[in-house]
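Enquirer:
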Amino acid sequence: MEDTKAWYRSRTVWGALVAIVASCANIAGMEISGAEQAELVETIAALAAAAGGLVAIIGRVRARRTLR
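Laid out in structure tokens, this is it:
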């Protein structure tokens, strides 16, 4: 695998984090279904992508050098 991406753009990472949170919630007495977990992963991945775009725009606006 030669292509790289930021950790927060990985659905695998978010899926694992959601599974951990769902397990903790289950221990606390809350039930989160598999479908709800999948929907949560999709939502988090979309938010992470949007945040990345926003950071890129802010970085460009605040940059002190112009692009060629």
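Each residue of the sequence shown is one higher than the last, beginning at 18 in the working numbering. Glycine residues also receive a C-beta, built at the ideal position from the N, C-alpha and C atoms. This structure is a prediction, so every number in the text was calculated from the model and none was measured.
#1: Compare the C-alpha of A39 against each of A68, V58, S27 and name the closest.
#2: Could you tell me the alpha carbon to alpha carbon distance between R102 and V72, rounded to whole angstroms?
#3: By the three-class DSSP mapping on this structure, what secondary structure does R85 have?
#4: Closest to G51 by C-alpha separation, out of A80, A68, A33, A67, would be which residue?
#5: What does a CB cutoff of less than 7 Å around W31 pick up in its chain, not counting 5 residues either side in sequence?
Expert: The relevant details are as follows:
#1: Along the sequence shown, one-based indexing puts residue 39 at 22. For A39, the nearest C-alpha among the options comes from V58.
#2: Absent from the model: residue 102. The displayed extent of the chain is 18 to 85, so no value can be given.
#3: Reading the sequence shown from its first residue, position 68 is the one you call residue 85. Reduced to three states, the DSSP call for R85 is coil.
#4: Against the sequence shown, residue 51 aligns to sequence position 34. Minimum Cα distance to G51 is reached at A33.
#5: Counting from 1 along the sequence shown, the entry for residue 31 is found at position 14. Taken in chain order, the residues that qualify are V58, I61, A62.
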